[in-house]
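Here the sequence shown stands for residues 248 to 615, where the numbers follow our numbering.
Notes for the one structure printed next.
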Amino acid sequence: MKIVADENIPYVDALFGELGEIVTRPGRDICAADVADADVLLVRSVTSVNQRLLGDSNVKFVGTCTIGTDHLDKNWLDSAGIEYRSAPGCNAYGVVQYVFSVLANLDLLRGQPKVGVIGCGNVGGRLYRTLKALGLDVVVYDPFLSKSNIPDLQEWEALYDCDIVCTHTPLTTSGPHPTEKMITTNFFSNLKTGCLLLNAGRGGVIDNNALSDYLDGDNLNNVRVVLDVWESEPDVHRKLLHQVIFASPHIAGYSFEGKTNGSLMIFTALAEFVGLDESRHAEIFNRVKTTAYGEPELIDVVSVEDAILQSYQVSEDHARMLAVEPGLPASFDQLRKNYPMRREFSHYRVNAASSAVAEQCAAIGFLV
């Protein structure tokens with residue numbers, strides 16, 4: 248069996264090597280010629296998987312080591328009889344860590360801010376529960392859910408009264424509630440003055456041109472913006488890059504655990520697809536997971552903000568993004584490929600200055 252894989256998928260050899268021959272390629276460069284004689288394709292979100300890519304191939308299984316599937320043409324894959332799997336929730340904690348690093352940097356965790364969460368699936372749901380565990384007031388907008396699922400579910404207009412609004416929806420262009428460019432000038436102009444708008448979902452959910460135009464001039468201080476995702480990636484809107492507080496190259500979920508979880512989940516899916524013996528599957532899975540995650544790291548902290556920023560500094564990603572601007576769009580993928588190891592909250596055991604700090608740290612996922 249031949250397996251073609253995105254070169255940025257971690258532990259691909261250790262996990263999948265026993266199942267077949269592995270050929271790795273840059274995800275954005277994978278083409279029809281690469282997969283013509285392949286049986287399995289393993290990708291991340293930068294590879295569009297459709298008839299153009301797989302129409303003349305032997306591929307029977309596609310695994311995307313990501314939570315999102317908008318880069319997969321699922322209708323065509325179904326019609327072609329090609330099995331596909333994703334890794335829902337694999338990097339949810341990594342995105343939560345990204346959001347909290349932003350909030351800690353901007354000192355927004357104090358004073359009980361009201362936080363709006365648009366989209367309450369695997370990632371948005373994890374963020375919602377973490378914010379609530381910390382005792383914050385949260386407004387959720389998700390037209391596909393009900394109050395029986397999320398007690399804090401409210402109408403779209405309730406977001407206008409929030410101090411922070413975070414978007415975590417997939418990118419959709421059809422159906423009853425399409426998300427493409429759902430956030431545009433009317434939304435910006437109705438936000439509370441000084442509101443922080445953060446997008447760590449899909450770039451096309453926010454109209455980037457409209458946002459840049461709105462921020463130009465007097466509105467720059469009306470809405471503060473953090474963007475991890477961009478329309479037309481990797482071709483980032485250059486002007487907008489300098490208008491936001493923090494910019495990063497689609498790495499909110501790029502924690503070590505998030506990427507590794509994605510690999511582990513797709514390995515399990517492929518093992519089931521090919522009928523790998525369950526005991527052998529468990530042996531490989533547990534060996535790689537144990538080797539990868541290792542022992543927790545002890546840190547001394549004086550506040551929950553201190554713990555967050557010791558684990559991850561989003562400002563460093565912002566600095567790297569600005570530093571490679573002359574090389575965009577090519578440097579966008581290079582930042583992702585060479586992203587430094589970032590461990591999630593769960594990797595750290597905190598020695599807290601007080602029991603109150605310890606409780607806060609435990610609430611958002613640290614070991615205490």
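Backbone N, C-alpha and C define an ideal beta-carbon position, used for all residues, glycine too.
For residue i, which residues in the same chain have their Cβ closer than 8 angstroms to its Cβ, ignoring the five residues on either side in sequence?
i: L617; result: Lying before the first or after the last residue shown, residue 617 is absent from the chain, which here runs from 248 to 615.
i: A539; result: P257, Y258, F503 and T507
i: Y407; result: N437, L438 and K439
i: E402; result: Y388
Look up residue i in the DSSP assignment and say whether it is helix, strand or coil.
i: K249; result: strand
i: F613; result: coil
i: A600; result: coil
i: D524; result: coil
i: I531; result: helix
i: T271; result: strand
i: R357; result: coil
i: C608; result: helix
i: G464; result: helix
i: T416; result: coil
i: V296; result: strand
i: L235; result: Residue 235 lies beyond the range of the chain shown here (248 to 615); nothing can be said about it.
i: T507; result: helix
Taking the alpha-carbon of residue i as reference, which of the options has the nearest alpha-carbon?
i: R471; options: W477, L487, P496 and L444; result: L444
i: H415; options: D389, S436 and L438; result: D389
i: V620; options: V387, L355, L383 and P360; result: Summary: the structure shown does not reach residue 620, with the chain confined to residues 248 through 615, and so no result is reported for it.
i: Y340; options: V604, F592 and A605; result: F592
i: V324; options: G315, I314, N338 and L300; result: First, the amino acid is wrong: residue 324 is Leu here, not Val. Checking every option, the nearest Cα to that of L324 belongs to L300.
i: D410; options: V364, H594 and A380; result: V364
i: T434; options: G450, D564 and L458; result: Note that residue 434 corresponds to Phe in the displayed sequence, not to Thr. Comparing Cα positions, the closest option is L458.
i: L488; options: F520, L517, N455 and G505; result: N455
i: S510; options: D276, A283, K321 and N338; result: N338
Compute every distance between the C-beta of residue i and the non-hydrogen atoms of the ligand SAH, then say whether any falls below 8 angstroms.
i: V386; result: This structure does not include the ligand SAH; it has no bound ligands of any sort.
Skipping 5 residues on each side, what residues in its chain have a beta carbon closer than 7 angstroms to that of residue i?
i: F347; result: I555 and I611
Here's the rule: buried if 16 or more other CB atoms are within 10 angstroms of the residue's CB, otherwise exposed. What is residue i?
i: E478; result: buried
i: P423; result: exposed
i: R420; result: With the sequence shown as reference, residue 420 is identified as Thr, and Arg is not the correct amino acid for it. That one is exposed.
i: A334; result: buried
i: C312; result: buried
i: T537; result: exposed
i: E404; result: exposed
Got a sec? Which residues, its chain only, sit under 6 angstroms from residue i by beta carbon, not counting five neighbours each side?
i: I250; result: F263, G267, I269 and V287
i: G448; result: T414, H415 and T416
i: V483; result: W477 and L575
i: D320; result: N297
Cβ contact check for the stretch 522 to 533 and the stretch 302 to 316: 3 or more pairs under 8 angstroms:
no
Report yes or no: do three or more beta-carbon pairs, one from the stretch 536 to 551 and one from the stretch 601 to 611, lie closer than 8 angstroms?
yes
Would you call the stretch 343 to 358 and the stretch 278 to 296 in contact, with 3 or more CB pairs under 8 angstroms?
no
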